[in-house]
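Asker: With numbering that gives the first Met the number 0 as the guide, the letters of the sequence shown map in order to residues 0 to 341. We treat Cβ as the ideally placed atom computed from N, Cα and C, and that holds for glycine. Since we're looking at a predicted model, the values are computed, not measured.
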Amino acid sequence: MLINAEVLARDRWPDILTAAGVDKSYFRASNGPCPFCGEGVDRYRWANKHGGVYVCSVCTEGKYRNGFDFLSRHKGFQAFADAANYVRAHFGINGSLDDQVVVKRLAQEPKRSTAVDPQKSLARMTRQWDQAVAVTPGDAVHRYLCNRVPGVTSVPSEVRYHPSLEYWNPPAEQGGSPVLLGRFAAMLVRGFDVHGNLVQLHKTYLDQEGHKAPVPHAKKTDQGVGSNSFALRLGTPTDTLGVCEGIETAIASSVMRNIPVWSCHSSSILANFELPTIFDGLVKRLIIFTDSDEIKNGRRAGEEAAKTLADRAKKMGLRSLIVRPAKVGTDFADLCRNSASV
Ligand SMILES: [Zn+2]
C-alpha cells in the first residue's frame, strides 16, 4: 500500500517546491508576479491554508489550486501519480518498499490540546520502553547498527528493539488531530537528566531489513517532559567518559576507543552537557567527539558546541579532549565503516 502523498505533503509544499527549483519568493502570502502565466506584478499569491494553496487572478481565474497542481505545472507532470511519486521521492520513500509496509491513515485521535503534559509523556515513554526488548542478532536494530557501525560487537543494554512502534504525523492544521502513519520496528534509547530522571525517549524508525523506515522523520524524540538537557547513557563511565551528538557516532566511537560514549542527540544539548553528580570524582577526563560537519550559514555548529563544552569541562575540574575526524563531512560512523572496509 502506498504512503498517502497528500498526508506527506500537507503544509510542506514550500520545502518540496523550493527543493524542486521554485524560488522561495512564490510562497509569500502577499501578492506578486505569477510563476506560470507571465510575470505581472500582483496577480499571484500563496496561502498557508488547506495544506498550502496558490491563486492567480489570470491563469487560475481567481480559484485556489493545491500544491500538486503547482508541482505538476512546474515539472510538466501530466498525471497525479507522477506528482505523488515525486512527493514520496522527496521524502526518501522508495516505491519498492510499498509491499513491505502497510501505511495509511489508520486512525485519528480525538482533538486535543498541543500543550505537553509531562505526566502523559512520562507514562508514554515508560510504556514504549517496557514494550521494547533487548537487541538480538538478526532483528531490525541489530541489522541497522551493523550497517551503520561495522565492527560493532556488542550493543549497549540502553539500546532496545521495539517491534511495532506507532508513527504519528503532526496535525495537518492547527487544532487538528495527529495522524497515525503506521507501525514500524524502532531503535529506542532513553534520555536521562543530570539527576538520573527519565526525560526523553529517542526513536529511530526502521524497516525489517534495518534501513531507516519510509517515514518523514525516521529519527524522532518524544514530546518529553519539558527538559532540554539530557544524555543517552550508552555505557557506564570509568575515569574516562566520551560524549558526542548522535547515537551511531557514540557507538562507533566507543568501539574505536574502547571507552563508554554517551550521545547528547544535538549540538546544543551537547554544549550544555553536565556530568551527573553520582559520577563526580569518578570521571576525570571527558573526550568530546565532534561530528566534523559541513559549514552551514558560516558556522560549524558541532565544533562550536564541542569548544563550549570543553571550556565548561575545565570549570568542572575535568580534563577534556576534542577529537574530530580528518575529513569534513564525515562522522565517526563513516570513519569506522571506511576502516572496516579496508
Ligand atoms: Zn498566473
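Considering only heavy atoms of ligand 1, list every residue whose Cβ is less than 6 Å from one of them, following chain order.
Answerer: Cys33, Phe35, Cys36, Arg42, Tyr43, Cys55, Val57, Cys58
Asker: Span of the alpha helix (DSSP H) holding Ile2?
Answerer: If you number the sequence shown from 1, residue 2 lands on position 3. Note, Ile2: premise wrong, no alpha helix (DSSP H); not H, not E.
Asker: Return the residue from the list His216, Ala230, Thr289 that minimises the CA-CA distance to Ala251.
Answerer: Reading the sequence shown from its first residue, position 252 is the one you call residue 251. Nearest C-alpha to Ala251: Thr289.
Asker: Rounding to the nearest angstrom, what Cα-Cα distance links Gly66 and Ala212 in this structure?
Answerer: Working through the sequence shown from its first residue, we reach residue 66 at position 67. Working through the sequence shown from its first residue, we reach residue 212 at position 213. Here the C-alpha atom of Gly66 lies approximately 25 Å from the C-alpha atom of Ala212.
Asker: To which residues does DSSP link His201 through a beta bridge?
Answerer: In the sequence shown, the residue the question calls residue 201 occupies position 202. DSSP, once it has assigned bridges, lists Val188, Thr220 as partnering His201.
Asker: Report the residue from Lys23, Asn168, Arg299, Leu70 whose alpha carbon sits nearest the alpha carbon of Ser267.
Answerer: As a working mapping, residue 267 is identified with position 268 in the sequence shown. That would be Arg299, whose Cα lies nearest to the Cα of Ser267.
Asker: I need the DSSP call for Pro162, collapsed to helix, strand or coil.
Answerer: Walking along the sequence shown from the start, residue 162 turns up at place 163. Correct three-state label for Pro162: strand.
Asker: Please confirm if the segment 41–51 is in contact with the segment 12–27, defined as three or more CB-CB distances below 8 Å between the two stretches.
Answerer: Put simply, the segment 41–51 touches the segment 12–27. At least three CB pairs are less than 8 Å apart.
Asker: Looking at C-alpha atoms only, which residue of Leu200, Glu247, Tyr43, Lys313 is the closest neighbour of Asn227?
Answerer: Here residue 227 corresponds to residue number 228 of the sequence shown, with the count starting at 1. Here the closest residue by C-alpha is Leu200.
Asker: Using a 10 Å radius around the Cβ and a threshold of 16 neighbouring Cβ atoms, would you call Leu7 buried or exposed?
Answerer: Along the sequence shown, read from residue 1 onward, the residue named residue 7 stands at position 8. Label assigned to Leu7: buried.
Asker: Taking the alpha carbon of Asp279 as the reference point, which residue from Val154, Thr237, Lys306, Leu144 has its own alpha carbon closest?
Answerer: Along the sequence shown, read from residue 1 onward, the residue named residue 279 stands at position 280. Selected option, being the one with the closest Cα: Thr237.
Asker: To which residues does DSSP link Ala46 through a beta bridge?
Answerer: As a position in the sequence shown, residue 46 is number 47, starting the count at 1. The partner list for Ala46 (beta bridge, DSSP) reads Val52.
Asker: Out of Glu165, Val151, Leu187, which one is the CA nearest neighbour of Leu181?
Answerer: Along the sequence shown, one-based indexing puts residue 181 at 182. Leu is not the amino acid found at residue 181; the sequence shown has Gly there. Among Glu165, Val151, Leu187, the Cα nearest to that of Gly181 is on Glu165.
Asker: For Ala106, collect the residues of the same chain with a Cβ closer than 6 Å to its Cβ; drop the 5 residues on either side in sequence, then sort them by chain order.
Answerer: By 1-based counting over the sequence shown, the position of residue 106 is 107. Bear in mind that the predicted position of Ala106 carries a pLDDT of just 33, short of 50, making it too unreliable to give a figure here.
Asker: In the DSSP assignment, find the beta strand (DSSP E) that holds Arg318 and state where it starts and stops.
Answerer: Against the sequence shown, residue 318 aligns to sequence position 319. It spans 318–322 - the beta strand (DSSP E) in which Arg318 sits, taken as one unbroken run.
Asker: Whose C-alpha, out of Asn271, Gly301, Ile258, is nearest the C-alpha of Ile286?
Answerer: By 1-based counting over the sequence shown, the position of residue 286 is 287. The option with the nearest alpha carbon to Ile286 is Ile258.
Asker: Can you give me the start and stop residues for the alpha helix (DSSP H) that Ser262 sits inside?
Answerer: Sequence index remark: in the sequence shown, residue 262 carries index 263 (1-based). No alpha helix (DSSP H) holds Ser262; the beta strand (DSSP E) holding it covers 260–262.
Asker: In angstroms with no decimal places, state the Cα-to-Cα distance between Lys74 and Ser24.
Answerer: For the purposes of this step, residue 74 is taken as the residue at position 75 of the sequence shown. For the purposes of this step, residue 24 is taken as the residue at position 25 of the sequence shown. Roughly 18 Å between the two C-alpha positions.
Asker: Who pairs with Lys211 in a beta bridge, going by DSSP?
Answerer: Here residue 211 refers to the residue found at position 212 when the sequence shown is read from its first residue. Answer is Leu205, bridged to Lys211.
Asker: Opposite Ile286 in the DSSP bridges: which residues?
Answerer: On the sequence shown, position 287 is the one that residue 286 refers to. In DSSP, Ile286 forms a bridge with Gly241, Leu320.
Asker: Please work out which residues of its chain come closer than 8 Å, Cβ to Cβ, to Arg64, disregarding the five sequence neighbours upstream and downstream, and give them in chain order.
Answerer: Locating residue 64 in the sequence shown gives position 65, where the first residue counts as 1. The residues are Val52, Tyr53, Val54.
Asker: State the Cα-Cα distance for the pair Tyr143 and Val154, rounded to the nearest angstrom.
Answerer: Position 144 of the sequence shown, counting from 1, holds the residue named residue 143. Position 155 of the sequence shown, counting from 1, holds the residue named residue 154. Taking the straight line joining both Cα atoms gives about 11 Å.
Asker: Taking the alpha-carbon of Gly195 as reference, which of Phe69, Thr276, Phe183 has the nearest alpha-carbon?
Answerer: Here residue 195 refers to the residue found at position 196 of the sequence shown. Checked all of Phe69, Thr276, Phe183; the closest Cα to Gly195 is Thr276.
Asker: Count the other CB atoms, across all protein chains shown, that sit within 10 Å of the CB of Gly61; report buried if there are 16 or more and exposed otherwise.
Answerer: The count along the sequence shown starts at 1 and reaches residue 61 at position 62. Residue burial annotation: Gly61 is exposed, with fewer than 16 other C-beta atoms found within 10 angstroms of its C-beta.
Asker: Which class does Phe229 belong to by DSSP, given the choice of helix, strand or coil?
Answerer: For the purposes of this step, residue 229 is taken as the residue at position 230 of the sequence shown. In the structure shown, Phe229 sits in coil (DSSP, three-state: anything other than H, G, I, E or B).
Asker: Taking a contact to mean a Cβ-Cβ separation below 9 Å, would you say Tyr160 touches Ala184 in this structure?
Answerer: In the sequence shown, residue 160 corresponds to position 161, counting from 1. In the sequence shown, residue 184 corresponds to position 185, counting from 1. In contact: Tyr160 and Ala184 (Cβ atoms closer than 9 Å).
Asker: For Val140, name the three-state secondary structure that DSSP assigns.
Answerer: Here residue 140 corresponds to residue number 141 of the sequence shown, with the count starting at 1. In this structure, Val140 counts as helix in the three-state DSSP scheme.
Asker: Using 8 Å for Cβ pairs, my map puts His210 next to Leu231. What's the rounded Cβ distance?
Answerer: In the sequence shown, counting from the first residue as 1, residue 210 sits at position 211. In the sequence shown, counting from the first residue as 1, residue 231 sits at position 232. Not confirmed; about 21 Å, so no contact.
Asker: Among all the DSSP beta bridges, which residues are the ones paired with Trp167?
Answerer: Locating residue 167 in the sequence shown gives position 168, counting from the first residue. In the DSSP output, where bridge partners are listed per residue, Trp167 has Leu179.
Asker: Could you give the distance in angstroms between the alpha-carbon of Ala171 and the alpha-carbon of Lys313?
Answerer: Locating residue 171 in the sequence shown gives position 172, counting from the first residue. Locating residue 313 in the sequence shown gives position 314, counting from the first residue. Roughly 46 Å between the two C-alpha positions.
Asker: Which of the three DSSP states, helix, strand or coil, is assigned to Gly75?
Answerer: Position 76 of the sequence shown, counted from the first residue, corresponds to residue 75. In the structure shown, the three-state DSSP call for Gly75 is coil.
Asker: On a Cα-Cα basis, can you pick out the residue from Thr59, Phe79, Asn30, Ala18 that is closest to Ser4?
Answerer: The residue given as residue 4 occupies position 5 in the sequence shown. Note on residue identity: the sequence assigns Ala, not Ser, to residue 4. Of the listed residues, the one whose Cα sits closest to Ala4 is Phe79.
Asker: Have a look at the DSSP bridge pairing and note the partners of Asn65.
Answerer: Along the sequence shown, read from residue 1 onward, the residue named residue 65 stands at position 66. Val52.
Asker: Can you give me the C-alpha to C-alpha distance between Ala304 and Glu273, rounded to a whole angstrom?
Answerer: Translated into the one-based positions of the sequence shown, residue 304 becomes position 305. Translated into the one-based positions of the sequence shown, residue 273 becomes position 274. C-alpha separation (whole angstroms): 13 Å.
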